[in-house]
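Single-structure report; data block below.
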Amino acid sequence: RLVPAGTVAGLALALAILLLARRQMSIANALRHALRKDEFFLLYQPIVELATGKWVGAEALLRWRRATGELIGPDLFIPIAEQTGTITKLTGRVIRLVQRDAGRFLVDFPGFHIALNLSASDLRSTAIVDLLDRLLAQTGARPANLIVELTERALLDIGSARKVISALRKRGIEVAVDDFGTGYSSLSYLESLELDYLKIDRSFIEAIGTRAPTSQVVSHIIRMADAMGLRMIAEGVETQAQADFLIANGVQYAQGWLFAKPISFDELSRALDGTLPERADRLAAGQ
Ligand code: C2E
Ligand code: MG
Ligand code: MG
Ligand code: MG
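Using the UniProt record's numbering, read the sequence shown as starting at 245 and increasing by one per residue.
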């Protein structure tokens, strides 16, 4: 042997890291171009009230369509945007897209909610609150129309998270913990923040009815969230058995392919047109 096996493995690893770093750099560059060229759009996944099946809101999910036609999902580009500092610009774009898509709609349907995802760096300053204020001022939508989703990871920097959360909630914007159960936050830590919703991560919902110990964890999460006065949104509900379990355990809201996949705002508003009670009232009143 010319070189020891350990060295070969080390070189292979270094090469892999180098290639990955180059790929990340090229995606980071492409992201900056994409912002200029307006290659981003939002899909909206309905949030369903489990007891009635009614669509009470929708989560805005970012998509990137490259000039080549290739569609890139957020799991690939959001982490890179976070590492390279492009994320605050992307979040700004998301807020403007929500304003353009849903601004008028939210005025017509005051009972409907749009949920949007923020990253840890968005919480480092209160500029994010100004952006949301502007969205509300320019559309006439109400703060109660908006839900802001923060992952447990974003909440780890407690100082800045607390400041932004209290500014949002003072205005009446609601706050959800996203992907709950995948991070490190204990429920007692969450209790020290003012929150409105807990979104139970899909990995727990998947286990319902299949992996017994994990289903018991789900029941625990539900009981504790209840005790803390948090409403719950179950993520990634794909089967009727999962929905039945959630209803039986008192979970109020859900998202998932069982109800609807992420759809364009056009499709969302067409599906809702005339079916929401607020709108029906307005029509009956001849408005
Ligand atoms: P998330 O916020 O937890 O969003 C839920 C993800 O689960 C979405 O993936 C959605 O399409 C997917 N999903 C929903 N129902 C089902 C189901 O029944 N089965 C399965 N298998 N999947 C389901 P998506 O759109 O690819 O987003 C992935 C993640 O990217 C999001 O997770 C969120 O953390 C992040 N993300 C998306 N848009 C934004 C954004 O505008 N800003 C930030 N900071 N993050 C975003
Ligand atoms: Mg989310
Ligand atoms: Mg989530
Ligand atoms: Mg999730």
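Beta carbons: idealized from backbone N, C-alpha and C, even for Gly.
For the alpha helix (DSSP H) containing residue i, name the first residue and the last one.
{"i": "Q327", "result": "P318 to T328"}
{"i": "V342", "result": "I331 to D352"}
{"i": "I271", "result": "A249 to K281"}
{"i": "G384", "result": "Element bounds for G384: n/a, residue is neither H nor E."}
{"i": "L412", "result": "I402 to R415"}
{"i": "Y428", "result": "Taken as a continuous stretch (DSSP letters only), Y428 belongs to no alpha helix (DSSP H), as it is neither H nor E."}
{"i": "L399", "result": "E396 to L399"}
Could you tell me if residue i is buried or exposed, where buried requires 16 or more neighbouring beta carbons within 10 angstroms of its beta carbon?
{"i": "E393", "result": "buried"}
{"i": "H357", "result": "buried"}
{"i": "W299", "result": "buried"}
{"i": "G297", "result": "exposed"}
{"i": "L484", "result": "Residue identity check: residue 484 is Gln in the sequence provided, not Leu. Exposed is the call here."}
{"i": "V338", "result": "buried"}
{"i": "S447", "result": "exposed"}
{"i": "Y497", "result": "buried"}
{"i": "I261", "result": "exposed"}
{"i": "N273", "result": "exposed"}
{"i": "M476", "result": "buried"}
{"i": "G346", "result": "Looking at the sequence shown, residue 346 is not Gly but Ala. The residue in question, A346, is buried, as its Cβ has 16 or more Cβ neighbours within 10 Å."}
How would you write the range of the beta strand (DSSP E) that residue i sits in, first residue to last?
{"i": "F284", "result": "F284 to E293"}
{"i": "A304", "result": "W299 to R309"}
Give me the Cα-Cα distance between residue i and residue j, rounded to the nearest whole angstrom.
{"i": "F424", "j": "K443", "result": "6 angstroms"}
{"i": "K333", "j": "L286", "result": "15 angstroms"}
{"i": "P506", "j": "N389", "result": "19 angstroms"}
{"i": "P457", "j": "Q289", "result": "29 angstroms"}
{"i": "G355", "j": "L490", "result": "23 angstroms"}
{"i": "M269", "j": "V252", "result": "26 angstroms"}
{"i": "A411", "j": "G250", "result": "54 angstroms"}
{"i": "A325", "j": "S404", "result": "20 angstroms"}
{"i": "S369", "j": "V342", "result": "21 angstroms"}
{"i": "L306", "j": "G453", "result": "31 angstroms"}
{"i": "M468", "j": "L474", "result": "9 angstroms"}
{"i": "A524", "j": "G317", "result": "With a pLDDT of only 46 at A524, under the threshold of 50, the placement of this residue in the model should not be trusted, and no figure is reported."}
{"i": "Y428", "j": "V247", "result": "42 angstroms"}
Helix or strand or just coil, what does DSSP make of residue i?
{"i": "D440", "result": "coil"}
{"i": "D423", "result": "strand"}
{"i": "L360", "result": "strand"}
{"i": "E314", "result": "coil"}
{"i": "I391", "result": "strand"}
Would you say the beta carbon of residue i comes nearer than 7 angstroms to a heavy atom of ligand 5?
{"i": "I322", "result": "Looking at this structure, you won't find ligand 5 anywhere; what it does contain is ligand 1, ligand 2, ligand 3 and ligand 4."}
Sequence ranges, alpha helix (DSSP H) only - wholly within the region 457-520, length at least 4 = Taking 4 residues as the minimum length, the alpha helix (DSSP H) runs contained wholly in the region 457-520 are 484-492 and 509-516, in order along the chain.
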